[in-house]
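Asks:
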Amino acid sequence: DAGVIQSPRHEVTEMGQEVTLRCKPISGHDYLFWYRQTMMRGLELLIYFNNNVPIDDSGMPEDRFSAKMPNASFSTLKIQPSEPRDSAVYFCASSPTGWGEKLFFGSGTQLSVL
Amino acid sequence: TQLLEQSPQFLSIQEGENLTVYCNSSSVFSSLQWYRQEPGEGPVLLVTVVTGGEVKKLKRLTFQFGDARKDSSLHITAAQPGDTGLYLCAGGDMRFGAGTRLTVKP
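Chains as they are written, first to last, in my numbering: chain U, 752 to 865; chain E, 69 to 174.
1) Using the three-state DSSP reduction, which class does residue 167 (chain E) fall into: helix, strand or coil?
2) With burial defined as no fewer than 16 other Cβ atoms inside 10 Å of the residue's Cβ, what is the status of residue 762 (chain U): buried or exposed?
3) Apply the 10 Å Cβ neighbour rule to residue 864 (chain U) and answer buried if 16 or more other Cβ atoms are within range, or exposed otherwise.
4) Which residues in the same chain have their Cβ closer than 7 Å to the Cβ of residue 831 (chain U), if we skip the five residues on either side of it in sequence?
5) Determine the chain E residues that contact residue 779 (chain U) at a beta-carbon separation under 8 Å, and present them in chain order.
6) With a threshold of 8 Å between beta carbons, is residue 799 (chain U) in contact with chain E?
7) Whose CA, out of E:129, E:150, E:152, lies closest to the CA of residue 114 (chain E)?
8) If you measure between the beta carbons of residue 95 (chain E) and residue 117 (chain E), is that distance less than 8 Å?
9) So, is the C-beta of residue 160 (chain E) closer than 8 Å to a C-beta in chain U?
10) Is residue 835 (chain U) helix, strand or coil by DSSP?
11) From the beta carbon of residue 856 (chain U), is the nearest beta carbon of chain E less than 8 Å away?
12) Name, please, each residue of chain E whose Cβ falls closer than 8 Å to the Cβ of residue 853 (chain U).
13) On a CA-only basis, which of U:825, U:859, U:817, U:787 is nearest residue 836 (chain U)? Give me that one, please.
14) Tell me whether residue 76 (chain E) sits in a helix, a strand or coil according to DSSP, three-state version.
15) Report the partner residues of residue 805 (chain U) according to the DSSP bridge assignment.
16) Residues of chain E with CB closer than 7 Å to the CB of residue 842 (chain U), please, in chain order.
17) Could you compute how far the alpha carbon of residue 772 (chain U) sits from the alpha carbon of residue 829 (chain U)?
18) Starting from residue 821 (chain U) and walking both ways along the beta strand (DSSP E), at which residues does that stretch end?
19) So, residue 110 (chain E) versus residue 839 (chain U), is the Cβ gap smaller than 8 Å?
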């Protein structure tokens, strides 16, 4: 079992550029979550999907952020345009059944926006 | 949104000491989870508690869920350097507290 796979592991970009983060959940998991982690704000839930459908995007900071899940094995989180305050570690997690169940996290993408 | 407050924010102790960290909320939870996160990795689930008053043990770690299901504690006995990490609690809505950063010095 490969676990949740995120790419890239590290991303350095300049302010104003588009950034796309990728996630492959564990096969058979119906729920996929995107989180952002910073020292100041901790681990924040951005959005989650159930069976590829976005359910709650209330944590998405602003319109510059968008997330898609075109199929059960792939999701993207896009930031356009990126800003220095978007610098953080972005985690993807999947779960078999969602609420209250075990989350399986990827290793995260460390994003630095200069 | 159910807000979770964790305390202390930071804790640095010597190997062999005991410690307790806390996770509190004004809301009632259907379940609560504890995760540990090591540098450069995602959080890993330690335990899920569901029933008020429930106590679960995982080797030297003891987890307790409050009777009213609004709070939880994690007690570590005879801490070891390998226990170093960020301890996070999460409610049933999959939102996390800010965490307790534990350092155990040899």
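Each residue gets a CB set at the ideal place from its N, CA and C atoms; glycine is no exception.
Replies: Let me lay it out:
1) Correct three-state label for residue 167 (chain E): coil.
2) buried
3) buried
4) 769, 815
5) Proximity of chain E to residue 779 (chain U) at the Cβ level (cut-off 8 Å) is not reached, the minimal Cβ distance being about 17 Å.
6) yes
7) Answer by Cα proximity: E:129.
8) no
9) yes
10) helix
11) yes
12) 101, 113, 116
13) Ranked by Cα distance from residue 836 (chain U), the first of U:825, U:859, U:817, U:787 is U:787.
14) coil
15) U:800
16) Within 7 Å Cβ-Cβ: 110.
17) 6 Å
18) It spans 816-822 - the beta strand (DSSP E) in which residue 821 (chain U) sits, taken as one unbroken run.
19) no
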